[in-house]
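K.L.:
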């Protein structure tokens with residue numbers, strides 16, 4: 001399991017350190033870094049993020065204010081927060097906005113790992129709970145396309161491709177893909193795991209539409225889609241069922 005995350009800090013050295021620690025941690029996947037909370041807020045409105053490493057004292061919009069905005073959002077997925085700050089007086093406020101943890105600067109990689117392990121355990125427990133209470137299975141989904149909701153039959157989807165703040169849903173017997181304002185992460189949560197699999201930061205494939213597999217690519221129709229290292233183990237686990 002990979003935890004998608006972003007880091008926000010107006011101090012370059014502190015931001016670089018968090019970025020370095022994230023890249024050292026195998027179960028974290030860094031999506032972006034920001035030196036101000038306003039840009040980060042815009043990003044979270046258009047991308048599904050699991051976890052935010054958030055400094056508190058920043059100009060214009062503080063980390064605590066950003067956390068309150070995220071906490072107050074109605075519906076949709078809300079990222080969890082680990083605060084990174086030099087001021088321990090904010091600890092109580094941090095827990096009021098349901099922060100997962102609180103890292104006091106300067107912190108070591110050991111401190112960072114303890115905190116992120118707590119986050120990993122949280123997301124693992126959440127995933128197990130969702131597995132034990134699965135969503136009703138249907139053979140279709142609805143996606144927002146321009147100003148309407150369009151019904152998409154699951155068996156017609158061949159693969160899904162990330163495209164800026166949108167996704168392209170490629171369908172069999174259709175020349176042009178459907179463009180929907182959502183994220184690949186959100187699509188991954190909507191689709192049944194036994195029929196669809198993420199193989200790359202930019203691709204989810206329909207397993208039934210695989211035509212051939214080479215060392216690092218999957219062919220679906222005329223498309224050769226890369227299998228990235230981050231998703232290779234999961235794909236190989238699926239593939240091993242067919243290898244004698």
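In full-length UniProt numbering, the protein residues as written are 1 to 244. Beta carbons are placed, not taken as given, at the ideal position from N, Cα and C, and that holds for glycine. Quick caveat: nothing in here was measured; it's all calculated off a predicted structure.
Check the C-beta distance from residue 50 over to residue 82 and give it rounded, since I have them as a contact under 8 angstroms.
P.N.:
As a first step, residue 50 is located in the chain shown; it is residue number 50 there, counting from the start. As a first step, residue 82 is located in the chain shown; it is residue number 82 there, counting from the start. Their Cβ separation, rounded to whole angstroms, is 11 angstroms, which puts residue 50 and residue 82 out of contact at 8 angstroms.
K.L.:
Count the other CB atoms within 10 Å of the CB of residue 150; is the residue buried (16 or more) or exposed (fewer)?
P.N.:
Position 150 of the chain shown, counted from the start, is the residue given in the question as residue 150. With fewer than 16 other Cβ atoms within 10 Å, it is exposed.
K.L.:
Which of the three DSSP states is assigned to residue 207 in this structure?
P.N.:
Taking the chain shown and counting its residues from 1, one reaches residue 207 at position 207. Three-state result, residue 207: helix.
K.L.:
Tell me the rounded alpha-carbon separation between residue 186 and residue 201.
P.N.:
Here residue 186 refers to the residue found at position 186 of the chain shown. Here residue 201 refers to the residue found at position 201 of the chain shown. Each residue's alpha carbon lies about 13 angstroms from the other.
K.L.:
Looking at C-beta atoms only, is the number of pairs between the segment 108 to 124 and the segment 164 to 184 that lie closer than 8 angstroms three or more?
P.N.:
Taking 8 angstroms as the limit for Cβ pairs, the verdict is that the segment 164 to 184 does not touch the segment 108 to 124.
K.L.:
Please list the terminal residues of the continuous alpha helix (DSSP H) segment that includes residue 190.
P.N.:
For this step, residue 190 is matched to residue 190 along the chain shown. Residue 190 -> alpha helix (DSSP H) spans 184 to 190.
K.L.:
Tell whether a beta-carbon distance below 8 angstroms holds between residue 28 and residue 116.
P.N.:
Here residue 28 corresponds to residue number 28 of the chain shown, with the count starting at 1. Here residue 116 corresponds to residue number 116 of the chain shown, with the count starting at 1. Yes, the Cβ-Cβ distance between residue 28 and residue 116 is below 8 angstroms.
K.L.:
How many Å lie between residue 37 and residue 66 at the Cα?
P.N.:
Position 37 of the chain shown, counted from the first residue, corresponds to residue 37. Position 66 of the chain shown, counted from the first residue, corresponds to residue 66. When rounded, the distance between both Cα atoms is 7 angstroms.
K.L.:
To the nearest angstrom, how far is it from the Cα of residue 140 to the Cα of residue 235?
P.N.:
Numbered from 1 along the chain shown, position 140 holds the residue referred to as residue 140. Numbered from 1 along the chain shown, position 235 holds the residue referred to as residue 235. In a straight line, the C-alpha of residue 140 is about 24 angstroms away from that of residue 235.
K.L.:
Is it true that the segment 41 to 49 meets the segment 180 to 197, where meeting means three or more beta-carbon pairs spaced less than 8 angstroms apart?
P.N.:
They touch, by the three-pair rule.
K.L.:
With DSSP collapsed to three states, give me the class of residue 49.
P.N.:
The sequence position of residue 49 within the chain shown is 49, counting from 1. Three-state result, residue 49: coil.
K.L.:
So what's residue 27 in DSSP terms, helix, strand or just coil?
P.N.:
Taking the chain shown and counting its residues from 1, the one referred to as residue 27 is at position 27. Residue state, collapsed to three classes: coil.
K.L.:
Applying the 10 Å Cβ sphere with the 16-neighbour rule, what's the burial state of residue 157?
P.N.:
Taking the chain shown and counting its residues from 1, one reaches residue 157 at position 157. Result: buried.
K.L.:
Evaluate residue 92 with the Cβ neighbour count: other Cβ atoms within 10 Å of its Cβ, from every protein chain shown; 16 or more gives buried, anything less gives exposed.
P.N.:
Here the question's residue 92 lines up with position 92 in the chain shown. Reliability of the predicted coordinates at residue 92 is poor, the pLDDT of 48 falling under 50, and no value is obtained from them.
K.L.:
How would you label residue 34, buried or exposed, when you count the other beta carbons within 10 angstroms and need 16 or more for buried?
P.N.:
Residue 34 sits at position 34 when you count from the first residue of the chain shown. Answer is buried; the Cβ neighbour count reaches 16.
K.L.:
Alpha carbon to alpha carbon, what distance is there between residue 209 and residue 215?
P.N.:
On the chain shown, residue 215 is found 215 positions in, with the first residue counted as 1. On the chain shown, residue 209 is found 209 positions in, with the first residue counted as 1. Answer to the nearest angstrom: the Cα atoms are 18 angstroms apart.
K.L.:
Leaving out the 5 sequence neighbours to the left and right, which residues in its chain are closer than 7 angstroms to residue 21 when beta-carbon positions are compared?
P.N.:
Numbered from its first residue, the chain shown carries residue 21 at position 21. Within the same chain, residue 21 has close Cβ partners 109 and 112.
K.L.:
Based on Cα-Cα distance, which residue from 146, 178 and 165 lies nearest to residue 153?
P.N.:
Indexing the chain shown from 1 puts residue 153 at position 153. Looking at the Cα atoms, 178 is the closest of the given residues.
K.L.:
With respect to the beta strand (DSSP E) encompassing residue 151, which residues constitute its N-terminal and C-terminal limits?
P.N.:
If you number the chain shown from 1, residue 151 lands on position 151. Segment 148 to 153, the beta strand (DSSP E) holding residue 151.
K.L.:
Short of 7 angstroms in beta carbon distance, which residues of its chain neighbour residue 13, apart from the five on each side in sequence? Order them along the chain.
P.N.:
Here residue 13 refers to the residue found at position 13 when the chain shown is read from its first residue. There are no such residues.
K.L.:
In whole angstroms, give me the CA-to-CA distance for residue 206 and residue 223.
P.N.:
Working through the chain shown from its first residue, we reach residue 206 at position 206. Working through the chain shown from its first residue, we reach residue 223 at position 223. Straight-line Cα distance between these residues: approximately 13 angstroms.
K.L.:
Out of 118, 166, 143 and 196, which has the shortest C-alpha to C-alpha gap to residue 155?
P.N.:
One-based indexing of the chain shown puts residue 155 at position 155. When each option's Cα is compared against that of residue 155, the closest is 196.
K.L.:
Going by DSSP, what residue range makes up the beta strand (DSSP E) through residue 116?
P.N.:
Position 116 of the chain shown, counted from the start, is the residue given in the question as residue 116. Run containing residue 116: none in the beta strand (DSSP E); it sits in the alpha helix (DSSP H), 109 to 132.
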